[in-house]
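These notes concern the structure reproduced below.
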Amino acid sequence: MTKYFKGFGRSSRPAAAWAIGLAVAMLTVGAFAVGQGARAVAQAASDALLEPAGDVAPAKVRLLSDDQYRNTIANIFGADIDVQAKFAPVRRARGGLLAIGTTTAGIAASDAEAFHRVAYSVADQVVDPARRGQLIPCRPADEKAADPACAEQFLGRTGALLFRRPLTEAELKDAVGTSVKAANEFKDFYKGLSYALGGMLSSPKVLFVIETTEPDPNRSGAHRLTAYSLATRMSLLLWNAAPDEALLAAAASGQLHDPKVRAVQVDEMLASPRLESGVRAFFTDMLMYEDFVALAKDPTIYPNFTGRSVNDSAEQTLKTLVHHVIDKDADYRDIFTSRTTFLTPNLAPLYGVKAPSSGWARYELPADSPRQGLLMEIGFLASHSHPGRTSPTRRGKALRELLLCQHVPDPPSNVDFSIIEDPNAKFTTARERITAHNTDPVCRGCHMLTDPMGLALENFDGAGAFRTTEKGAVIDSSGGLDGVKFKDASGLAQAMHDNPATTSCLVKRVFSYGLGREPAPGDRDLMSYFEHSFAQDGYRMKALLRSLATSRAFTRADGGGQLADLSRR
Amino acid sequence: MISRRRILRGALGGSLVSVGLPLLDCFLDGNGQAMAATGKPMPVRFGTWFWGLGMQTQCFTPKTVGKDWELTSELEPLKDVKQHVNVFTGFDAIKDDSPNLCHFSAWATYRCGRFPSARNDITSESVDVTIARKIGGSTRFRQLDATATGNPTDSYSFSNMNSFNTPETTPTALYQRIFGDEFQDPNGDTFVKSPVAMMRQSVLSGVLEQTKDLERGLGAADRARLDQYFTGLREVENQLQHQLTKPEPIEACKVPKRPEDLIAGIDSETLSKRHKLMTDLMVMAVACDQTRIFNMVYSNAAANTTKLGLTGTHHVITHEEMIDPELGYQPMTHWFTIEAMKDFAYFIKALAAVKEGDGSLLDNVLVFAHSDHGYAKLHGLEEVPAFTAGRAGGRVKSGIHVAGNSQTVTRVPYTMIRAMGVDAPAWGAKSNRTSKEIGEILA
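First to last, the sequence lines map onto chains A and B. When we follow the numbering used here, the leftmost residue of the first sequence carries the number 1, and every step to the right adds one. When we follow the numbering used here, the leftmost residue of the second sequence carries the number 570, and every step to the right adds one.
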């Protein structure tokens, strides 16, 4: 069973970088539960007793995202492989996550074409003379001829990492057959491998993550994910990539469903540098980063905000989040009040501070800075504004929908702007315009949900730069959130920090992201349980990820595809 | 031996304007309607063109119907192509008991015939996809999609809500897709069967063979998603087959130069530049018979086009701009619509500029253009404007203004479907169901 896995411990190096030394390490499957993660193991055991039953949803068929594809290729073959993967954008249901969208998204013909093209581009790079020595575990007897034995070594191992399970005998035979045929045709062993790998990479078995289930031996009549599907759920959640060899080996051992074995795996994965990709992908989804694709500011109004500012401001927020939740393992709520951020030469002018000489530099905002936390980073302020001015409504709506998981209704189609259009009325500030607009009771209802928070951010212009006046008038940045009143943005930051929806929203998002579905009514107790343990863990996101990935809820599913027959191997 | 192709290539090697009649004759049969080289009739093609946020009725809608309509201020940019277009005004997206889902309901009704009840409620394919299944099968690409907005979610072509066709977002990417390494120049000197394409084709058919049983145990929706991917892979097979087939010479096909990269941005100036570059490539892709279905997006639904120095987008302006009491309309909104119409005119002219047979490429094309709303300020579902351009190989007349008088918008796409030879006795749902073509424009 472990033919292709045994002997490979966990490493952050490309899986196929053939490290001879590692082969000696011989980390056997049975040893997973030993040694590390004693705390996690104990916790996993006690949690399993407390966890309420939740809803059981059908197994999913997820479409791999281009980032997941890219990360997987980088993990297998190294980050220097140029992966020009740009798959179709998945559509987001209102208020939902792209991770949920991937469970229903189809793939148009143009995307099949792109996927096929990138498959061969990757394959050609892998067998390139500059890389083959490192990435291919054996040398052919004759480079100008087929070598089925060497091909089998490479394709069996690589195929398992790509298909997220071992290859069946038939699959391996087909792949080796392709390599032989092409090697004979082109009189080149490596070309042969390239076609075999290109074929594997164009297979729907790579692109579609088809979850498979099996009867749950612990609960008669119930089903659970197969170990390979569970491993894939874990690695997509934590790494935004396919499982590595150690995780596949744990799945192959039949012990991944053992809470202790799983807890050790989860802890190792949380400690891996690959966690950063996972956390980035999660927040990219939660904060709707696709909005940055179309973000542009009017250069005549905001000359300091360029196309580079767009990219850097998006990256700034991710860097700050990664630093906060991974490096510092800090309380998630503090992301709203933290004074730590990161700057580039493009962002520094927007902050009005001296630029780092080049690249990224960590920056501590001084205690008297009007700026603090996620809401006052350029990314949030600029992406939820108009191209030439602020929008308290958009900022408030984003805050409600993205960060508190609340719904703000659409405006009516025939919005009546006649009051603010009146040329005789002189509105200087955004507050004056909005206040006038909201004298209409039809508008007022929804705007009260968004504007009081958005107006507290009015000291930051449409590109996120600090200001105290608008068209000469001093800005009033007072506001309120769910009954808490404040006089400026720092009060809003504190109110977000203290709002119970801030943390319950993160729990809901992490759950939806990991399982590919929204919590159902039957999950209410389960969600309370996750919220409670999140609080007990001091609102550490890593702990939240651990709770979810080690939970029983994470393993449950009905129906689904059929696991390939791995018995004859 | 010197091949006929080589002689043609030599003759065509000169300037664009020097192609004279004697040369044309060798491509045409007696009546000038078919390529002599193949004996086949000129293919008919179908394209769409989309712009956001409609128009202002008082500036857009011509006073009279039929042939002799007069250009209005928002249609003025179409002056030079008036004879090539039909204008459809006064057709409504009828909502029955559904809400007006702004920037969505009307284009969805135009594209698939059914007024959606929610933002995820699209259950059937778009009209271009239906027509592609009829006429798109024999070319290298079943269809090509591009958006001048630079945003890959700006697509109005789909198999269903979960599967939109992804548009190319930059001129360079569009060029690479059409005229990159895999392009076989129909007028090229040499033809070599690519061993790479041959082997890839063989590998791909193996992949399809080995994954047949992947759907076992899955529900209908997931099976359909996999089927769609298999269909996509078979199209890749078809593209490889095109690389392995010596193309027939096509006189109108002139491989364009690789375009320059443009800066990102959706201010109207940059947008227009990108639209023109993409249009030129798309038109040549059609002329070179790489596709017979082409979709072009100028601005998105809820047009977020900007203008340098203006604080709001086109969309924001439609809401907030004062109606000028003397002019009687919103002047800046008007400006945005006129910019869109200028680029639509460019699109039509580019098709008309390619000589094909004894006429132009446009004669053998049918373009269906429409927006997401009618009267911009109110985001109306009434009088959502549409055009057709071209004569679909003689099946459609042009130069006509048709007033809908509150009939469903679906009559326009239904007419396209019929004109392109799709067998559909009726089309659309509920009040938007129709079985009546717009007879005025059918030849």
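From the three backbone atoms N, C-alpha and C, an ideal C-beta is built for every residue, glycine too. Computed from a predicted model, the values in this text were never measured in an experiment.
Would you give the residue range spanned by the alpha helix (DSSP H) that Gly307 (chain A) belongs to?
307-322
Beta carbons nearer than 9 Å to chain B: which residues of the stretch 535-550 of chain A have them?
none
DSSP three-state label for Tyr513 (chain A), please.
helix
Measure from the C-beta of Cys857 (chain B) to each C-beta in chain A and report whether the shortest distance is under 9 Å.
no
In the stretch 86-101 of chain A, which residues sit with their C-beta less than 9 Å from some C-beta in chain B, listed in chain order?
Lys86, Phe87, Ala88, Pro89, Val90, Arg91, Ala93, Arg94, Gly101
Anyone know if the C-beta pair for Gln859 (chain B) and Phe710 (chain B) falls short of 9 Å?
yes
Could you name the residues of chain A that Leu877 (chain B) contacts, counting a contact when the two beta carbons are closer than 8 Å?
Asp298, Pro299, Thr300
Between which residues of its own chain and Glu214 (chain A) is the CB-CB distance below 6 Å, once the five residues before and five after are set aside?
Excluding residues within five positions, the ones whose Cβ falls inside 6 Å are Thr226.
So, under 8 Å CB-CB, Asp661 (chain B) and Val953 (chain B) are touching, yes? Tell me the CB distance rounded to an integer number of Å.
The beta-carbon distance between Asp661 (chain B) and Val953 (chain B), rounded to whole angstroms, is 7 Å. This is short enough to meet the 8 Å contact definition.
Which of the three DSSP states, helix, strand or coil, is assigned to Trp904 (chain B)?
Note: Trp904 (chain B) maps to helix in three-state DSSP.
Taking 9 Å as the cut-off, decide whether the C-beta atoms of Leu506 (chain A) and Glu290 (chain A) are in contact.
no
Identify which residue in B:Phe615, B:Asn864, B:Glu1009 has its Cα closest to the Cα of Ile704 (chain B).
B:Phe615
Per DSSP, which one or two residues make a beta bridge with Leu481 (chain A)?
Bridge partners of Leu481 (chain A): A:Val484.
Please list the terminal residues of the continuous beta strand (DSSP E) segment that includes Tyr363 (chain A).
361-364
Using 8 Å as the threshold, is the stretch 157-168 of chain A in touch with the stretch 237-246 of chain A, meaning 3 or more CB pairs across them?
yes
Which of the residues in the stretch 439-461 of chain A, read from start to end, lie with their CB under 7 Å from any CB of chain B?
none
Does DSSP put Met288 (chain A) in a helix, a strand or coil?
coil
Just to check my reading of the structure: Phe380 (chain A) and Thr317 (chain A) have Cβ atoms closer than 8 Å, yes? What is that Cβ distance to the nearest angstrom?
7 Å
Can you grab the Cα-Cα spacing for the pair Met1 (chain A) / Gly454 (chain A), in whole Å?
With a pLDDT of 39 at Met1 (chain A), under the threshold of 50, the modelled position of this residue cannot be trusted, and the question is left open.
Is the separation between the beta-carbon of Lys542 (chain A) and that of Asp334 (chain A) shorter than 9 Å?
no
Answer yes or no: does any C-beta atom of chain A fall closer than 9 Å to that of Glu784 (chain B)?
yes
Identify every run of the alpha helix (DSSP H) within the stretch 733-776 of chain B, keeping only runs that are complete inside it and at least 4 residues long; order them along the chain.
As far as the stretch 733-776 of chain B is concerned, its whole alpha helix (DSSP H) runs of at least 4 residues are 740-748.
What residues of chain A sit near Cys681 (chain B), judged by a beta carbon separation below 9 Å?
By Cβ distance, chain A contributes nothing, its closest Cβ being about 15 Å from Cys681 (chain B), past 9 Å.
Using the Cβ count rule (16 or more neighbours within 10 Å means buried), how would you classify Gly599 (chain B)?
Unreliable positioning characterises Gly599 (chain B) in this predicted model, as indicated by a pLDDT of 38, which lies under 50. A coordinate reading is not provided.
State yes or no: is the C-beta of Asp334 (chain A) nearer than 8 Å to some heavy atom of the ligand NAD?
In the structure on display, the ligand NAD does not appear, and there are no ligands present to speak of.
Taking the alpha carbon of Met891 (chain B) as the point to measure from, which residue in A:Val415, A:Asp298, A:Trp239, A:Ala473 has its own alpha carbon closest?
Minimum Cα distance to Met891 (chain B) is reached at A:Val415.
Distance, Cα to Cα, Phe115 (chain A) vs Asn184 (chain A)?
26 Å
In chain B, which residues lie with their C-beta within 7 Å of the C-beta of Asp62 (chain A)?
In the sequence as presented, Asp is not what sits at residue 62 (chain A); that position holds Arg. The premise fails here: Arg62 (chain A) is roughly 10 Å from chain B at the closest Cβ pair, so nothing lies under 7 Å.
Report the neighbours of Asn729 (chain B) on chain A: residues whose CB is nearer than 8 Å to its CB, in chain order.
Gly106
Just the Cα atoms here: how many angstroms apart are Arg964 (chain B) and Asp932 (chain B)?
10 Å
Would you kindly work out how many angstroms separate the C-alpha atoms of Ile969 (chain B) and Ser695 (chain B), rounded to a whole number?
Going by the C-alpha atoms only, they are around 25 Å apart.
If you count every other CB in all the chains shown that lies within 10 Å of the CB of Ser490 (chain A), and 16 or more means buried, which is it?
buried
Can you tell which of A:Ala57, A:Ser194, A:Pro392, A:Gln255 has the C-alpha that lies nearest to the C-alpha of Pro129 (chain A)?
A:Ser194
Is the beta carbon of Gly561 (chain A) sitting closer than 9 Å to the one on Glu778 (chain B)?
no
Which complete beta strand (DSSP E) runs does the stretch 167-223 of chain A hold, if anything under 3 residues is left out?
The stretch 167-223 of chain A contains, as complete beta strand (DSSP E) runs of 3+ residues, the segments 208-210, 213-215 (chain order).
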